[in-house]
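J.: Sharing a structure with you now.
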Amino acid sequence: MDAATKSEASGLHSALRYKFIALVGNEYVRAATAADAVARAQPKLVIEPGTERELAEILRLSNEAGLAVIPRGGGTKLGWGNSPARADLILSTVRMTEIIEHAWADLTVTVEAGCTIQRLQETLGQHGQRLALDPLWPEKATVGGVLSTNDSGALRLRFGALRDLIIGVTIALPDGTLASSGGKVVKNVAGYDLPKLVTGAFGTLGVITRAVFRLHPLPLNSHFFSISTVNAEETQKLVLAVQDSKLAHAFLQSHFSDEKPPASDILFEGTEAGLAAQETQLRVLAAPASVCAASNSSWTARQELWAFSDPASAAIAKISILPTNMARTMKLVAHSAKAQQLRWKALWYATGLGWLRLEGKPGALCAALQALRGELQGQDGSLVAFHRPSKMPAFDAWGTASDALPLMKAVKQQLDPKNTLNAGRFVGGV
Amino acid sequence: MEVRILDEFRTIVGGRGLISSPEELHTYECDGLTNFRVMPRAVLLPNSTQQVQAVVRLCHRERIPFVARGSGTGLSGGALPVENGIVISLARMNGILEVDFPNARVVVEPGVINLDVTGRVAPHEYFYAPDPSSQSICSIGGNVAENSGGAHCLKYGFTTTHVLGLEVVLPDGSLVHLGGKTLDTPGYDLAGVFVGSEGTLGVATKIILRIVKRPECIQTLLAAFPSTNEAGAAVSDIIAAGMLPAAIEMMDDLAIQAAEAAVHANYPNCGGLLLVELDGPVAEVEALMTHVNEICRSNGASEIRKAQSDAERALVWKGRKAAFAAMGRISPNYIVQDGVIPRTALPQVMSEIARLSQETGLRVANVFHAGDGNLHPLVLYDRRIAGQEETAELLSSNILELCIAAGGSITGEHGVGEDKKKMMSKMFAEPDLVTMQRVRCAFDPLQLSNPTKIFPTPRLCGEKPGEYVPRPLESAGIAERY
Ligand SMILES: Cc1cc2nc3c(=O)[nH]c(=O)nc-3n(C[C@H](O)[C@H](O)[C@H](O)COP(=O)(O)OP(=O)(O)OC[C@H]3O[C@@H](n4cnc5c(N)ncnc54)[C@H](O)[C@@H]3O)c2cc1C
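These protein sequence lines map, in sequence, to chains A and B. Going left to right, the first sequence walks through residues -4 to 425 as our numbering numbers them. Going left to right, the second sequence walks through residues 3 to 484 as our numbering numbers them.
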């Protein structure tokens, strides 16, 4: 059965299907399988355009036909957010992988959305540069997906988040418009900053087709240290002291769990002379806690959190708090976990962002998340659930939206009036 | 303006908060770009968020356009009043509301002066990083609207990096909170969109800022080169060596002369002066400074000097920050331009600027944020000589065309405002501009908040995109319209 016949079987109008095929070629339009399902929604068709023009055109046709479209990069984080209200078509960037221009002397790169982070970093590395970001699963995650989910890791402390690294973007809108904003230079205030608008928008406003980033040099040298502490209060004291010191660390993250006392990893980058001096200072600052050299495994700590054994009994949440609320939050977590008989493990950055894994019965997970969210929202914080077992009782991924929700809806209405893109996946039902 | 409306405004802000006499209104006719002038109908000086809301609600009800104003130092006509509109000055809302050192956050009202934030947190060895040269007079609200930069933004990022959250009065008078004290508040990054929107999306009434710990050591180096070409080559080598200095600034001979005349910064006399500032742990800075020294020498620096004391460092920066105003010492009139190029295009663009200068007979002084390719060519002229002003304006806009052709931008920090609207369609395609305006419509469907700025062709909200243009695929017969 060819793609056309298959998708007809699944109810997609054949004239439209032939248009898709005419646009991108028969081999790049195929019927979706169970593996293409997004949360509980089963799309009918997967289309893999080769250029941004093709992508914009498919999007326009789908939008006109009232189809619901889900953009897809490496598919590593497709389950994040609420389950889509509708899903007809997966619009994949898998063929749009070109690194269009690495202007190494200007420390910028222009890249298509489907390029994986790993490939991008390898190319940049040839000139001793990097995108100063450590997202999850770089070998599969793409530029477009990482941007849309705003996935940052430990390096954010020093280099900022994607919003601080992206300097230009091109997006395809549901009406077929291809719009660029920002530019190719690091400093630029001409027009609205739409690169920031689409970063973290979960593909609900447009499909990112290419991005321009500012780059940083690879470090000359780097040293990792691990600092153990007896409890969360002490960890917090340490973290705040390091943050208030004159150390120039590139990252600082702390591990907590129901098994072991907390430990923190700190990374220094720079000249050997600078590193030696900072190590000495760290040892003064961290006493009486114990400092030891740590391994490169600190880079993958967040990924390990995601390596849970049973997806049906694990939940993962991204939590944002004020740095001074870290110990208090860990106490809350320990308390809720105990009350609900859950195992737990967490990774916290000095920026106040943290990742929490809970394991146990779905109902108990839900109760614990609910309790935590309630507490955190009362302290200017937030809890976003990025993995929930399918059997868990209904629990919105995002939580209560702020008073800006009507404005967010108005933005959505302006750019995607027919709710074609990722319907219902985002905050407040957007 | 009708008396009944003025009365209503007066009831909201009190007698002292309303300016409506023509003599007093003159002050508000223009911002730092004085060749555009429009007389506002009234100026309102609210002293609270509630008052701003009430004023904006009234504007909304009566369809009166309004323009927010901070200190009026903008250089693109952003705070220029609009015809038949009012100005909302945030000058009285100048309180620093919260200082939270452990979390490195400060909450301010929009009228707070940039330097006062650093002044307030300096005793704890923190600082507010974005440092426009106007920092002793410009307001945080203005900085937010322009996404202002400064010399140290090379390392620390522009205003947008340091704004975590905003309280905004939307153009219908409603109040929203964008972003917040914690990172990644769920939802669209509308704080990111608001910063740099030049007052067109509403009025910021409260701003949550990030502050930064002062580094262990700061060292500033002056290097004198025969011309900006050698200085530019040194900049490229510094970046290529993997360093990220806190600042790299460049001045040419004219700019040096002017700065010397104005503040006696004791700069070496040369064709291209580099100021390189490194900061961080002492050992790190010392190791890198040695390297920067070598790079400057190998690129032909004749004199290399390190500022020896804080006082000397301050003087070096005073000279640089006074560069615009200093032009008054060497020319009766001047235009401050603000364009960006990829750093590598510097030699080529500089020689083009020199050619334009020669052709027109007008002198151009150059001050750059060299690390990020942000040029500030200053076109010197004499208004009393017939035709010179027009020539200067043309020269100045030709320089922007050079920036666009080099793949750069028409503004790195001063904004588009009234001044560069026309250039927008040279930098962006129509669909790009239409998309931005659609975002604007979400915030301000009636287009009351600083309308007529940024965009070359205003669009009514709800207007359908222009006539359908077949896409290449369709024309080629590969696709057809559905
Ligand atoms: C000598 C000199 C040197 C300068 N150097 C630099 C420099 O190095 N870097 C740089 O980036 N700029 C520089 N500037 C430009 C200017 O100082 C900045 O753009 C500054 O941010 C403007 O602040 P302001 O308070 O004067 O704003 P204004 O000029 O009053 O207003 C600027 C814009 O902000 C809007 N606005 C003001 N307050 C609010 C608010 N609360 N809510 C919403 N919108 C608001 C206005 O409507 C207007 O569009 C310089 C200017 C001068 C005169």
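Each residue gets a CB set at the ideal place from its N, CA and C atoms; glycine is no exception.
Would you decide whether ASN216(A) is buried or exposed? Buried here means 16 or more other CB atoms lie within 10 Å of its CB.
T.: Answer is exposed; the Cβ neighbour count stays below 16.
J.: What three-state label does DSSP hand ASN291(A) in the structure shown?
T.: In the structure shown, ASN291(A) sits in a helix (DSSP, three-state: H, G or I).
J.: For ligand 1, any of its heavy atoms closer than 7 Å to the Cβ of CYS140(B)?
T.: Because some heavy atom of ligand 1 lies under 7 Å away, the Cβ of CYS140(B) counts as near it: yes.
J.: Hey, would you say VAL234(A) sits closer than 8 Å to PRO169(A), going by beta carbons?
T.: No, Cβ-Cβ distance for VAL234(A) and PRO169(A) is not below 8 Å.
J.: Would you give the residue range spanned by the beta strand (DSSP E) that ALA341(A) belongs to?
T.: Per DSSP, ALA341(A) belongs to the beta strand (DSSP E) from 338 to 344.
J.: Out of LEU211(B), VAL278(B), HIS416(B), which has the shortest C-alpha to C-alpha gap to GLU100(B)?
T.: The candidate whose alpha carbon is nearest that of GLU100(B) is LEU211(B).
J.: Mapping DSSP to helix, strand and coil, what is MET352(B)?
T.: Helix, per DSSP.
J.: Near ASN77(A), what residues of its chain come up, given a Cβ to Cβ distance below 7 Å and the 5 sequence neighbours on each side ignored?
T.: Closer than 7 Å at Cβ, skipping near neighbours: ASP391, ALA392, GLY419, ARG420.
J.: Which two residues bound the contiguous alpha helix (DSSP H) that contains GLN52(B)?
T.: 51 to 64 is the extent of the alpha helix (DSSP H) around GLN52(B).
J.: Please list, in chain order, all residues of the same chain as ILE306(B) whose beta carbon is under 8 Å from its beta carbon, the five residues on each side excluded.
T.: For ILE306(B), where only same-chain residues beyond five positions count, the Cβ hits under 8 Å are LEU223, LEU224, ALA225, ALA226, ASN295, CYS298, ARG299.
J.: Which residues mark the beginning and the end of the beta strand (DSSP E) in which LYS313(A) is found?
T.: Note, LYS313(A): beta strand (DSSP E), 309 to 315.
J.: For ARG158(A), which residues in chain B fall below 9 Å Cβ to Cβ?
T.: Correct list: THR162, THR163, ASP191, GLY194.
J.: Measure the alpha-carbon distance for TRP339(A) versus ALA389(A) and round it to whole angstroms.
T.: The straight-line gap from Cα to Cα measures roughly 21 Å.
J.: Shorter than 7 Å, the distance from the beta carbon of GLY139(A) to the closest heavy atom of ligand 1, or not?
T.: Checking every heavy atom of ligand 1 against the Cβ of GLY139(A), none is found closer than 7 Å.
J.: Have a look at LEU434(A) and ILE53(A) and give me their C-alpha separation to the nearest angstrom.
T.: For residue 434(A) there is no data in the structure shown, the boundaries of chain A being -4 and 425.
J.: Could you check how far apart the C-beta atoms of ALA394(B) and TYR383(B) are, in whole angstroms? I think they sit under 8 Å.
T.: Indeed they touch by this definition, with Cβ atoms about 4 Å apart.
J.: If you draw a straight line from the C-alpha of THR71(A) to the C-alpha of LEU160(A), how long is it?
T.: Their Cα atoms are separated by approximately 21 Å.
J.: May I ask you to report which of helix, strand or coil DSSP gives TYR240(B)?
T.: According to the sequence provided, residue 240(B) is Ile. The question's Tyr does not apply to it. Three-state result, ILE240(B): helix.
J.: So, with DSSP's three-state summary, where would you put CYS219(B)?
T.: It is a strand residue.
J.: Cβ of ILE261(A) within 8 Å of Cβ of LEU280(A)?
T.: Cβ atoms of ILE261(A) and LEU280(A): not closer than 8 Å.
J.: List, in chain order, every chain A residue whose beta-carbon is nearer than 8 Å to that of SER333(B).
T.: Correct list: empty, because the minimum Cβ distance to chain A is about 26 Å.
J.: Using a Cβ cut-off of 8 Å (strictly closer), state whether LEU246(B) contacts chain A.
T.: Yes, its Cβ sits closer than 8 Å to a Cβ of chain A.
J.: List, in order along the chain, the chain A residues whose C-beta lies closer than 7 Å to that of GLU218(B)?
T.: Residues of chain A passing the Cβ test: LYS241.
J.: Does LYS179(A) come within less than 8 Å of chain B when only Cβ atoms are used?
T.: Yes, because at least one Cβ of chain B sits closer than 8 Å to the Cβ of LYS179(A).
J.: Ligand 1 and SER176(B): does the residue's C-beta get closer than 7 Å to at least one heavy atom of that ligand?
T.: Result no, Cβ not under 7 Å from ligand 1.
J.: Against chain B, with Cβ distances strictly below 8 Å, would GLY155(A) count as a contact?
T.: With 8 Å as the cut-off, GLY155(A) counts as an interface residue toward chain B.
J.: Checking contacts by CB at 8 Å: is LEU180(B) closer than that to chain A?
T.: Answer yes: the Cβ-Cβ gap between LEU180(B) and chain A drops below 8 Å somewhere.
J.: Does any residue of chain B bring its CB to less than 8 Å from the CB of ASP129(A)?
T.: Not closer than 8 Å to any Cβ of chain B, the Cβ of ASP129(A) fails to qualify, so no.
J.: Count the other CB atoms, across all protein chains shown, that sit within 10 Å of the CB of VAL202(A); report buried if there are 16 or more and exposed otherwise.
T.: Looking at its Cβ environment, which holds 16 or more other Cβ atoms inside 10 Å, VAL202(A) is buried.
J.: Measure the C-alpha to C-alpha separation of GLU262(B) and ALA249(B) and round it to an integer number of angstroms.
T.: One C-alpha to the other measures close to 20 Å.
J.: List the residues of chain A that PRO453(B) touches, going by C-beta distances under 8 Å, in chain order.
T.: Residues of chain A passing the Cβ test: none, with the nearest at roughly 15 Å.
J.: Taking CB distances under 8 Å as the criterion, tell me whether ALA394(B) reaches chain A.
T.: Not closer than 8 Å to any Cβ of chain A, the Cβ of ALA394(B) fails to qualify, so no.
J.: Taking beta-carbon pairs under 7 Å, can you tell me which members of the stretch 87 to 104 of chain A lie near chain B?
T.: Answer in chain order: ALA98, ALA100, ASP101, LEU102.
J.: Along the stretch 271 to 294 of chain A, where does the CB come closer than 8 Å to a CB of chain B? Name the residues.
T.: Here the close residues are ALA271, ALA272, GLN273, GLN276.
J.: Closest to VAL24(A) by C-alpha separation, out of ASP83(A), GLN121(A), ALA185(A), would be which residue?
T.: Closest by alpha carbon: ASP83(A).
J.: What would DSSP say about HIS8(A), mapped onto helix, strand or coil?
T.: Residue state, collapsed to three classes: coil.
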